[in-house]
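A.B. asks: Chains as they are written, first to last, in the numbering used here: chain A, 1 to 376; chain B, 1001 to 1376. Cβ atoms here follow ideal geometry from the backbone N, Cα and C, with glycine treated the same way. None of these values were measured; they are calculated from a predicted model.
Number of protein chains: 2
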Amino acid sequence: MRLADLPTPALVLDRARLRRNIQAMSERYRKLGVRLRPHLKTSKSVDVARMATEGHFGGITVSTLKEAEHFAAAGFRDILYAVCIAPAKLDQAAKLIKSGVALTIITDDLDAAKTIAVRGKELGVTFDVLIEVDCGEHRSGIPPESDVLLAIGRVLHAGPGSRLAGIMVHAGHSYTARSLDAAAEIAEIERSAGVRAAERLRAAEMPAPTVSMGSTPTALHGKNYDGITEMRCGVYMFGDLFQSEIGSCGKDDIAVSVLSSVIGQRRPENRVLIDAGFLALSKDRSTANTPHDVGYGRVADLSGALGLGDVTVVGVHQEHGMVEGKTPLPFDRLPVGARVRVIPNHACITSAAYDRYHVIDGSDEVVAVWPRCNGW
Amino acid sequence: MRLADLPTPALVLDRARLRRNIQAMSERYRKLGVRLRPHLKTSKSVDVARMATEGHFGGITVSTLKEAEHFAAAGFRDILYAVCIAPAKLDQAAKLIKSGVALTIITDDLDAAKTIAVRGKELGVTFDVLIEVDCGEHRSGIPPESDVLLAIGRVLHAGPGSRLAGIMVHAGHSYTARSLDAAAEIAEIERSAGVRAAERLRAAEMPAPTVSMGSTPTALHGKNYDGITEMRCGVYMFGDLFQSEIGSCGKDDIAVSVLSSVIGQRRPENRVLIDAGFLALSKDRSTANTPHDVGYGRVADLSGALGLGDVTVVGVHQEHGMVEGKTPLPFDRLPVGARVRVIPNHACITSAAYDRYHVIDGSDEVVAVWPRCNGW
């Protein structure tokens, strides 16, 4: 099977680029001597997870308990569920632990910590719990200097069904950095917030063996990771146009694209229509506020090269994408039935529309089909 | 199982509202004497399709050939695939026809029409084809007055593997109407474009037995459907906040919502976090340019009532939704673990993140689980 034969739209994964992206990050963290716990929320793929953990300790990060179950079934045994847990999910988490998985959960809430501490005993497990600390994104987590940090720590440390495992911090605001220096600065803020919170726990005679930080920009551009025991990052494996805009990858590093067919031409409007609309591409507009706004994606030719010119998806309906160029489109190369590849703004959300990857490696031949674990 | 027991996030479908929405449209088209061919691109559900076709001729509209196969397997035998076909999909379409499905395809391209006309014979089928006409949206379709309309008609009429079935028109720009009068005006433009194109075919001694129009606003608000043989519409079954903003449904008619759990409180910022982020809600911002911008969705309580005040999802990360209110949030009703229901901007895209509906009907009890047909 070749790309020219696949039903469209389809999600294409370039294994050569994937391997290169993964090897660069793996090597960086081997040299730094920091354990790499790759985040699988972007790829949701066992095949990708095996590549991403190679040469490291084998731990992974997930964003849903369904992912945790999926990777556990494939043999992954050290899993961090990196979203503050809703208490109703503790039963599902306990089942995973009883099946032999070293599952770590997180919280930033005192009442939730009390529930975890008690519920673990009722369920016959000991929950390993990290406390989430906020380093400036203000999404979730508590400030490292807050009183509640110690209160949550004490509850989890003393709890009959919980074990205080340390600190987790995530600098999601590193995505707003528009230079490598700015990303490095946020990496240091992230690191120091995590380390400071751990030090406060230790000073109060509580354990904090794990200090976990991570986001792709801060994983790539930080200068110092002293005190950090684990790095979590995920989107570096695939890259996307937004990551390229913020300097986390080059355009030639982006490993995922959406294969699509031309389904109409509108020459007077200098436009073609493709069969990739908002379900196939998502409505993500991450590049809207960057120097190169690509609408809903940049349009490459079948080989993945940007040889069509400055051509982007300017509008999306459910199964229609409207493709326009800043210069006249090469309509002769884009008849109805021609194939293009759309490079996404945001790999995580675009990939989520597909239940599998069609994998290529150095040519247009599909060398593998890798399943994804979607939904909840 | 009750809503309070479901894993979150989950997609909830209120069958009582669904039934009411479907019955109103079905009754309207029975009275008008126009065949209703409901569009299943929103629901992608056999169970919904059965309700939506009840009392009508049984024909349906789909947006992907995968949907066509899914509904055919459930017994639907008259299916319109309402996206201009890419020639490579003709093999898949032919298989459906050979299995006994009356499948109609569409095109707006002369070269594609030539391919269809020849390829049908090679594949041993006769493709029924509608020509798509543009009535002002300028997405796909050709103008009703264009020369190419007659050229495409002649190719399909004379083709050894094709049969000219008539005209399809879709007023997607009815979504920009901000009053019922404006929607009625666009409905008349849509109707007259379809009828005019059919008349031109007939005047040139070609058949046009089908004149198919449709979008939810023009299906609801048109005053005259003379010359139209079929109405296609879909989102009226579910409704959403955008449809409510443009007067196509009331807020109490919206049948889908996302059940979610509170996973964090940030009292200083008057904010809670929920476990529904951009994968669970989508990044659709349809209401951004309407009088009531609800961010990524309006937040109701577990019963679906808007009793929490003017509370919306103001930001989304992959598995985190940031919920804020214009007045102080009732934090005591929103502890970590509390459940809410998020009413979506856009039912089609939000529903697509889920592989099934949890169906309720007049209470919080889950009375059925209905599968969806996602992907391609």
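(1) In chain order, what residues of the segment 325-357 of chain A put their CB closer than 8 Å to some CB of chain B?
(2) Quick check: the Cα distance between B/Glu1188 and B/Tyr1225, rounded to an integer number of angstroms?
(3) In this structure, how does DSSP classify A/Asp284 when only helix, strand and coil are distinguished?
(4) Considering just the uninterrupted stretch of the alpha helix (DSSP H) at A/Ala93, what are its terminal residues?
(5) Short of 8 Å in beta carbon distance, which residues of its chain neighbour B/Thr1229, apart from the five on each side in sequence? Order them along the chain.
(6) Under a three-way DSSP split, which group does B/Phe1127 fall into?
(7) On the DSSP bridge assignment, give the partners of B/Ser1261 in chain order.
(8) Mind reading off the beta-carbon distance from B/Gly1297 to B/Asn1374? Whole number of angstroms is fine, and I expect it under 8 Å.
(9) Is A/Ser45 helix, strand or coil by DSSP?
(10) Looking only at its own chain, which residues have a Cβ that is under 8 Å from the Cβ of B/Pro1087, when we skip the five neighbours before and after it?
(11) In whole angstroms, give me the CA-to-CA distance for B/Ser1043 and B/Val1311.
(12) Per DSSP, A/Thr312 is paired with what?
(13) Under 7 Å between the Cβ atoms of A/Glu319 and A/Gly277?
(14) Using only alpha-carbon positions, find the residue among B/Gly1304, B/Ser1282, B/Asp1108 that is nearest to B/Val1314.
(15) Do A/Glu145 and A/Met168 count as a contact pair if the criterion is CB distance below 7 Å?
(16) Anything in chain A within Cβ reach of B/Ala1305, meaning under 7 Å, just list it in chain order.
(17) What in chain A is Cβ-close to B/Glu1269, meaning under 9 Å?
(18) Helix, strand or coil for A/Ile105 per DSSP?
(19) Please return the same chain residues whose Cβ sits closer than 6 Å to the Cβ of A/Ala10, not counting the five positions on each side in sequence.
(20) I want to know whether the segment 1064-1079 of chain B touches the segment 1247-1262 of chain B - three or more CB-CB distances under 8 Å.
(21) Using a Cβ-Cβ distance under 7 Å, would B/Trp1376 count as near chain A?
(22) Report the rounded CA-to-CA distance for B/Gly1367 versus B/Ala1300, giving the unit in angstroms.
(23) How many Å lie between B/Ile1254 and A/Gly75 at the Cα?
(24) With B/His1170 as the anchor, note down where its beta strand (DSSP E) starts and where it stops.
(25) Cutting at 6 Å between CB atoms, please list the residues of its own chain near B/Lys1251, excluding the five before and the five after it.
(26) Mind checking who B/Asp1078 pairs with in its DSSP beta bridge?
(27) Candidates B/Ala1219, B/Gly1234, B/Pro1143: which alpha carbon is nearest A/Pro268's?
(28) Could you give the distance in angstroms between the alpha-carbon of A/Lys98 and the alpha-carbon of A/Val125?
(29) Quick one: Cα of A/Ser286 to Cα of B/Leu1003, how far?
(30) Give me the Cβ distance between B/Leu1090 and B/Leu1123, rounded to the nearest whole Å; I'm assuming they're in contact under 8 Å.
(31) Leaving out five residues before and five after A/Arg139 in sequence, what residues of the same chain have Cβ atoms less than 7 Å from its Cβ?
(32) Could you have a look at A/Met206 and say whether DSSP puts it in helix, strand or coil?
(33) Mind listing the chain A neighbours of B/Gly1064? Cutoff is C-beta to C-beta under 7 Å, in chain order.
(34) With A/Ile79 and A/Ala68 assumed to form a contact (beta carbons below 8 Å), what rounded beta-carbon distance in angstroms separates them?
(35) Examine chain A for any beta-carbon lying closer than 7 Å to the beta-carbon of B/Cys1084, and answer yes or no.
(36) Quick check: is the beta carbon of A/Ile79 nearer than 7 Å to any beta carbon in chain B?
C.D. replies: Taking the structure as given:
(1) Within the segment 325-357 of chain A, the residues whose Cβ lies closer than 8 Å to some Cβ of chain B are Pro335, Val336, Gly337, Cys348, Ile349, Ala352, Ala353, Tyr354, Asp355, listed in chain order.
(2) Residue 1188 of chain B sits at position 188 when you count from the first residue of the second sequence. Residue 1225 of chain B sits at position 225 when you count from the first residue of the second sequence. If you take the alpha carbons of B/Glu1188 and B/Tyr1225, they lie about 8 Å apart.
(3) Sequence index remark: in the first sequence, residue 284 of chain A carries index 284 (1-based). In the three-state reduction of the DSSP assignment, A/Asp284 falls in the coil class, being assigned neither a helical nor a strand state.
(4) As a first step, residue 93 of chain A is located in the first sequence; it is residue number 93 there, counting from the start. Its alpha helix (DSSP H) spans residues 90-98.
(5) Your numbering for residue 1229 of chain B matches position 229 in the second sequence. Apart from sequence neighbours up to five positions away, the residues of its chain that approach B/Thr1229 with a beta-carbon distance below 8 Å are Val1034, Arg1035, Gly1166, Pro1209, Thr1210, Val1211, Ser1212, ordered along the chain.
(6) Locating residue 1127 of chain B in the second sequence gives position 127, where the first residue counts as 1. The answer is strand: DSSP assigns B/Phe1127 an E or B state.
(7) Locating residue 1261 of chain B in the second sequence gives position 261, counting from the first residue. DSSP, once it has assigned bridges, lists B/Arg1339 as partnering B/Ser1261.
(8) For this step, residue 1297 of chain B is matched to residue 297 along the second sequence. For this step, residue 1374 of chain B is matched to residue 374 along the second sequence. Actually they do not touch by this definition, with Cβ atoms about 20 Å apart.
(9) For the purposes of this step, residue 45 of chain A is taken as the residue at position 45 of the first sequence. Here A/Ser45 carries a coil assignment [DSSP, helix/strand/coil].
(10) Numbered from its first residue, the second sequence carries residue 1087 of chain B at position 87. Taken in chain order, the residues that qualify are Ala1112, Thr1115, Ile1116, Arg1119.
(11) Here residue 1043 of chain B is taken as the residue at index 43 of the second sequence, counted from 1. Here residue 1311 of chain B is taken as the residue at index 311 of the second sequence, counted from 1. Near 26 Å, if we compare the C-alpha coordinates of B/Val1311 and B/Ser1043.
(12) Within the first sequence, residue 312 of chain A is the residue found at index 312, counting from 1. In DSSP, A/Thr312 forms a bridge with A/Arg298, A/Glu324.
(13) Residue 319 of chain A sits at position 319 when you count from the first residue of the first sequence. Residue 277 of chain A sits at position 277 when you count from the first residue of the first sequence. With a cutoff of 7 Å on beta-carbon distance, A/Glu319 and A/Gly277 are scored as near each other.
(14) In the second sequence, residue 1314 of chain B corresponds to position 314, counting from 1. That would be B/Ser1282, whose Cα lies nearest to the Cα of B/Val1314.
(15) The sequence position of residue 168 of chain A within the first sequence is 168, counting from 1. The sequence position of residue 145 of chain A within the first sequence is 145, counting from 1. In this structure, A/Met168 lies away from A/Glu145, with their beta-carbon atoms at least 7 Å apart.
(16) As a first step, residue 1305 of chain B is located in the second sequence; it is residue number 305 there, counting from the start. Contact annotation for B/Ala1305 against chain A: no contact, minimum CB-CB distance about 21 Å [criterion: below 7 Å].
(17) By one-based count along the second sequence, residue 1269 of chain B stands at place 269. Those are His138, listed as they occur along chain A.
(18) Start at 1 with the first residue of the first sequence, and residue 105 of chain A comes out as number 105. Residue state, collapsed to three classes: strand.
(19) As a working note, residue 10 of chain A is residue 10 in the first sequence. Taken in chain order, the residues that qualify are Leu259, His358.
(20) Flag = no, the segment 1064-1079 of chain B and the segment 1247-1262 of chain B do not touch.
(21) The sequence position of residue 1376 of chain B within the second sequence is 376, counting from 1. In terms of beta-carbon proximity, B/Trp1376 lines the interface with chain A, with at least one pair separated by less than 7 Å.
(22) Counting from one through the second sequence, the residue named residue 1367 of chain B turns up at place 367. Counting from one through the second sequence, the residue named residue 1300 of chain B turns up at place 300. Contrary to the premise, residue 1367 of chain B reads as Val rather than Gly in this sequence. Going from the Cα of B/Val1367 to the Cα of B/Ala1300 covers about 21 Å.
(23) As a first step, residue 1254 of chain B must be located in the second sequence, where it is residue number 254. As a first step, residue 75 of chain A must be located in the first sequence, where it is residue number 75. Spanning the two alpha carbons is a distance of roughly 43 Å.
(24) Position 170 of the second sequence holds residue 1170 of chain B. Neither: B/His1170 is in no beta strand (DSSP E) and is coded neither H nor E.
(25) Here residue 1251 of chain B refers to the residue found at position 251 of the second sequence. Residues Ser1244 of the same chain have their beta carbon placed closer than 6 Å to that of B/Lys1251, with the five preceding and five following residues left out of the count.
(26) Your numbering for residue 1078 of chain B matches position 78 in the second sequence. According to DSSP, B/Asp1078 shares a beta bridge with B/Ala1102.
(27) If you number the first sequence from 1, residue 268 of chain A lands on position 268. A/Pro268 has its Cα closest to that of B/Pro1143, out of B/Ala1219, B/Gly1234, B/Pro1143.
(28) The residue you call residue 98 of chain A lines up with position 98 of the first sequence. The residue you call residue 125 of chain A lines up with position 125 of the first sequence. Linking A/Lys98 to A/Val125 through their CA atoms gives a straight-line distance of about 7 Å.
(29) For the purposes of this step, residue 286 of chain A is identified with residue 286 of the first sequence, where counting begins at 1. For the purposes of this step, residue 1003 of chain B is identified with residue 3 of the second sequence, where counting begins at 1. Looking at the two C-alpha atoms, the distance is approximately 34 Å.
(30) For the purposes of this step, residue 1090 of chain B is taken as residue 90 along the second sequence, with counting starting at 1. For the purposes of this step, residue 1123 of chain B is taken as residue 123 along the second sequence, with counting starting at 1. That belief holds up - the Cβ atoms of B/Leu1090 and B/Leu1123 are roughly 7 Å apart, short of 8 Å.
(31) In the first sequence, residue 139 of chain A corresponds to position 139, counting from 1. Counting only residues of its own chain and dropping the five nearest sequence neighbours on each side, A/Arg139 has a CB closer than 7 Å to the CB of Gly172.
(32) Counting from 1 along the first sequence, the entry for residue 206 of chain A is found at position 206. In the three-state reduction of the DSSP assignment, A/Met206 falls in the coil class, being assigned neither a helical nor a strand state.
(33) Sequence index remark: in the second sequence, residue 1064 of chain B carries index 64 (1-based). Before going on, a small fix: residue 1064 of chain B reads as Thr here, not Gly. Within chain A, the residues near B/Thr1064 are Glu319.
(34) Residue numbering aside, residue 79 of chain A sits at position 79 when the first sequence is read from its first letter. Residue numbering aside, residue 68 of chain A sits at position 68 when the first sequence is read from its first letter. Taking the Cβ atoms as the reference, A/Ile79 lies roughly 5 Å from A/Ala68, within the contact range of under 8 Å.
(35) As a working mapping, residue 1084 of chain B is identified with position 84 in the second sequence. Interface residue, yes.
(36) Stepping through the first sequence from its first residue, residue 79 of chain A is reached at position 79. When Cβ-Cβ separations below 7 Å define contact, A/Ile79 makes no contact with chain B.
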